[in-house]
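Per the working numbering, the sequence shown starts with residue 6, numbered consecutively.
Have a look at the structure below before the remarks.
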Amino acid sequence: MTARPPLQTVSTGLVVAIVGFFSSFPIVLQGLAGVGANPAQAASGLMFAALSMGLTGMVLSLCTKAPASVAWSTPGAALLAVSAMPEDGFGGAVAGFIMAGALTVIAAWWRPLSRLTASIPSPIAQAMLAGVLFSLCLRPFQALAEIPYLALPILLTWFIIGQISRPFAVPAAVIAGALVVTVNAGFDIPAPETLIAAPVWVTPVFSLEALTNIALPLFIVTMATQNVPGLAVLRAYGYQPRPAPLVTGVGLASVLSAPFGSPATCLAAITAAMCANEESHPDPTQRYWSAVMGGLFYCLLGLFAGVIAGFAALAPTLVLGTVAGVALLGVFAGSALAALEEPDCRQAAAVTFLITASGITILGLSAAVWGLVIGGLMQAITLRLRRRA
């Protein structure tokens, strides 16, 4: 076994970090702002989200000798972006982050909870995710109508680069967005006060609202759309690590990083495939180094999260929304397809999608919760009636 990473895995790790970080950091920032984070808290949250996924990916990959790539929960961040701000402010959201991580650890080892999570029909969970993403994916086209001179270069860059190399389409759109912001500001970009973001401790405020509106939806969407597919990707490439330690690792990382503003750490699917395929390294036993190096580069990027978040704060809201929206279009398309693909689940999935997309709040519960509950009940009743017939 090689004691140091082969050069090919170093380059793969760098690509993984660039794609993983720059494809979704605007979504993380919007999610944190959506639940009440101020600019310093958002910068801290972005930094610790990157450090959490970087360190966790390195540890899990080195321990299992499998390319266990780790990510922040992009669908979870999107959920936060459209959630109502907790009554207790960002402290309430942080409490939700901690509880979601704790539920992940419990689900890894306690079968009743893992079975309950697995019992949620996949089309219903995907419909909830599609409903969460719907309003975010509309923003690029709203921006195209309101600020076409800023939005159009981003959309064109995303589309053109996507025809050449799909993984680099969103990072290219981020670069286009940065250029648009710079030109729009007359090239008058203030120098950052510090290169490395300062950690900001946020005291969690636990409440029933934090559990129902933040923790449970964040736990469900992260398990269904990140952790379960992440394990499936590893199996598809012939790796058979025990699921419980991997899920426990990302759950503990979520709990530990949450007080500094990080929303959720999870197993990756897309970047795991980048690390696990033959382009990572010809020898499957050496591919774990790609995930290790990806984690190292994530940590390096995370140290400069303050500069990145500060620059993003200069962008008009719709510009940041445009970048976030194009980053989520692929996820939205996949989740919508998975939600409506099965005829037996189509009606319940459609109801779940529409309720979630409506943004309603009833009895203090968010639209995502109501969408999941009502759609799940509809599907259960439909299946029972069909069995009786």
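Ideal Cβ placement from N, Cα and C applies to all residues, glycine included.
Bear in mind that the values here come from a model prediction, so they are computed numbers and not experimental data.
Residue i (DSSP reduced to helix, strand or coil)
i      : result
LEU368 : coil
ILE386 : helix
LEU272 : strand
TRP294 : helix
ARG9   : coil
ALA229 : helix
PRO126 : coil
ASN282 : coil
ARG392 : helix
TYR244 : coil
PRO287 : coil
SER4   : This structure does not reach residue 4, given that the chain is present from 6 up to 394, and the question cannot be answered.
SER1   : The requested residue 1 is not part of the displayed model; the chain covers only 6 to 394.
SER16  : helix
GLN35  : helix
SER140 : helix
SER267 : coil
ILE152 : coil
VAL21  : helix
From the options, residue whose alpha carbon lies closest to that of residue i
i      : options                        : result
ALA76  : ALA258, GLY381, ALA174, LEU345 : ALA258
MET63  : ALA215, ALA22, VAL188          : ALA22
LEU388 : ILE225, ALA237, ALA353         : ALA353
PRO145 : LEU160, THR253, GLN131         : LEU160
ILE238 : GLY81, GLY369, LEU12, ASN282   : In the sequence as displayed, the identity of residue 238 is Val instead of Ile. Looking at the Cα atoms, ASN282 is the closest of the given residues.
VAL54  : ASN232, ALA310, THR230         : As written in the sequence, residue 54 is Ala, which differs from the Val given in the question. For the residues ASN232, ALA310, THR230, the minimum Cα distance to ALA54 belongs to ALA310.
GLY18  : PHE211, GLY81, PRO204, TYR303  : TYR303
PRO264 : VAL205, ALA318, THR270         : VAL205
LEU359 : GLY307, GLY136, PRO248         : GLY136
ARG247 : PRO197, TRP375, ALA113         : ALA113
LEU141 : ALA338, ARG392, ARG393, ILE367 : ALA338
SER119 : GLN13, ALA320, VAL233          : VAL233
ILE379 : GLY299, VAL252, MET133         : MET133
TRP294 : ALA73, MET58, ILE32            : ALA73
ALA181 : VAL252, VAL324, LEU306         : VAL324
THR253 : ILE111, GLN35, PRO11, PRO44    : ILE111
ALA1   : ILE103, PRO44, MET90, GLY36    : The structure shown does not extend to residue 1, since the chain spans only 6 to 394, so no value can be given for it.
LEU65  : ILE166, VAL186, ILE103, ALA249 : ALA249
ALA47  : SER262, ARG240, THR217, THR14  : SER262
SER78  : PHE139, LEU216, VAL336         : VAL336
SER363 : LYS70, VAL210, LEU138          : LEU138
Integer-rounded CB distance, given that residue j should sit under 8 Å from residue i
i      : j      : result
ALA332 : SER28  : 5 Å
VAL297 : LEU200 : Not a contact, Cβ separation roughly 25 Å.
ALA343 : PRO128 : 6 Å
PHE224 : LEU108 : 4 Å
GLY41  : ALA86  : That pair is no contact at about 12 Å.
SER49  : ALA202 : 6 Å
Outcome for residue i when other beta-carbon atoms lying within 10 angstroms are tallied against a minimum of 16
i      : result
GLU214 : buried
ALA277 : buried
ARG292 : buried
ILE169 : exposed
ALA320 : buried
SER124 : exposed
PHE192 : exposed
SER267 : buried
GLY369 : exposed
PHE164 : exposed
Give, in chain order, every unbroken run of the alpha helix (DSSP H) that is at least 4 residues long and sits entirely within the region 41-114. Whole alpha helix (DSSP H) segments, 4+ residues: 44-69, 79-86, 95-114.
Just to confirm the assignment: which complete alpha helix (DSSP H) runs, minimum length 4, are found wholly within the region 157-209? Taking only runs of at least 4 residues, the alpha helix (DSSP H) segments lying wholly in the region 157-209 are 174-189.
Please list the segments of the alpha helix (DSSP H) lying wholly inside the region 299-374, counting only runs of 4 or more residues, in order along the chain. Listed in chain order, the complete alpha helix (DSSP H) runs (minimum 4 residues) inside the region 299-374 are 310-318, 322-345, 351-363.
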